[in-house]
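For the sequence shown, the working numbering puts the final residue at 151, and the numbers step up evenly by one.
Every residue, glycine too, gets a C-beta built ideally from N, C-alpha and C.
Predicted model only: the values in this text are computed from it and were never measured.
The structure appears right after this line, and notes come after that.
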Amino acid sequence: SSRVLWTLAVTQFHKKQVRKGIVYGKPSTHGVNEWKSAKNKQSVAEERVGKRCGGLRVLNSYWVNQDSTFKFYEVICIDPAHKAIRRDPRINWICNPVHKHREARGLTSAGRKHRGLVGKGHGYLKNRGSRHAVWKRHNTLSLRRYR
């Protein structure tokens with residue numbers, strides 16, 4: 005069976021962890037107080053639920069409400085041991101072991117968004133595969149053995 009669980013994520017900024025608030029480097033990196041996280045808050049909320057409910061699989065989530073401090077999300081969780089799930093061909097793909105902790109690996113919709121994998125169009129192959137794979141592809145010198 006599936007469950008919808010409430011969770012929340014803090015909407016405030018992170019503070020950069022630097023000693024005495026001093027950043028040594030270029031002025032572009034001197035910000036301390038309004039440091040934005042690389043992950044979006046929806047993905048963080050999914051990870052919290054996935055950690056709390058280890059036996060369930062996180063399918064997806066959606067925004068519910070927010071105030072000045074928190075954003076509230078409902079996270080859809082699936083029980084992979086339930087017979088109704090295992091017998092249903094539309095959803096039983098999530099019972100396979102490769103889908104354990106999808107939320108922690110950025111495979112949900114919110115996770116794919118913060119990894120930069122939801123766009124289309126010209127120039128978008130700079131994000132495809134993964135940002136790390138594209139960086140490695142552009143920064144690896146490949147020379148033939150006999151040339």
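### Query
If A42 and H105 are in contact, beta carbons under 8 Å, what's the gap, nearest whole angstrom?
Residue numbering aside, residue 42 sits at position 38 when the sequence shown is read from its first letter. Residue numbering aside, residue 105 sits at position 101 when the sequence shown is read from its first letter. The Cβ separation is near 19 Å, so there is no contact.
### Query
Starting from Q70 and walking both ways along the beta strand (DSSP E), at which residues does that stretch end?
Reading the sequence shown from its first residue, position 66 is the one you call residue 70. Run containing Q70: 61 to 70, per the beta strand (DSSP E) assignment.
### Query
Which term fits G125, buried or exposed, when burial requires 16 or more other beta carbons within 10 angstroms of its beta carbon?
Taking the sequence shown and counting its residues from 1, one reaches residue 125 at position 121. Flag for G125 reads exposed.
### Message
For a minimum of 4 consecutive residues, which ranges assigned as the alpha helix (DSSP H) are wholly contained in the segment 121 to 146?
### Response
135 to 143
### Message
If distances are taken between C-alpha atoms only, which option among K19, K24, A49, E50 comes closest to G35?
### Response
Within the sequence shown, numbered from 1, the residue matching residue 35 stands at position 31. Of K19, K24, A49, E50, the residue nearest in Cα terms is K19.
### Message
With the cut-off set at 7 Å, would you say V53 and T11 are in Cβ contact?
### Response
Here residue 53 is taken as the residue at index 49 of the sequence shown, counted from 1. Here residue 11 is taken as the residue at index 7 of the sequence shown, counted from 1. In contact: V53 and T11 (Cβ atoms closer than 7 Å).
### Task
Assuming L60 and R109 form a contact by the criterion Cβ under 8 Å, report the distance between their Cβ atoms to the nearest whole angstrom.
Sequence index remark: in the sequence shown, residue 60 carries index 56 (1-based). Sequence index remark: in the sequence shown, residue 109 carries index 105 (1-based). Actually they do not touch by this definition, with Cβ atoms about 16 Å apart.
### Task
Give the straight-line distance between the Cα atoms of C99 and W139, rounded to the nearest whole angstrom.
Taking the first residue of the sequence shown as 1, we reach residue 99 at position 95. Taking the first residue of the sequence shown as 1, we reach residue 139 at position 135. Using only the alpha carbons, I get a separation of about 33 Å.
### Beta-carbon contacts of V22 that lie in its chain and below 7 Å, excluding the five residues immediately before and after
The sequence position of residue 22 within the sequence shown is 18, counting from 1. Here the set comprises V36.
### Query
Applying the criterion that 16 or more other CB atoms from any shown protein chain within 10 Å of the CB defines a buried residue, is L129 buried or exposed?
Within the sequence shown, numbered from 1, the residue matching residue 129 stands at position 125. When all chains shown are included, L129 counts as exposed.
### Query
K20 by DSSP, collapsed to three states: which one?
As a first step, residue 20 is located in the sequence shown; it is residue number 16 there, counting from the start. Note: K20 maps to coil in three-state DSSP.
### Query
By DSSP, does S173 sit in helix, in strand, or in coil?
With the chain represented from 5 up to 151, any question about residue 173 goes unanswered, as that position is not in the structure.
### Query
Which partner residues does I82 have in the DSSP bridge list?
Locating residue 82 in the sequence shown gives position 78, where the first residue counts as 1. Its beta-bridge partners are S6, R61.
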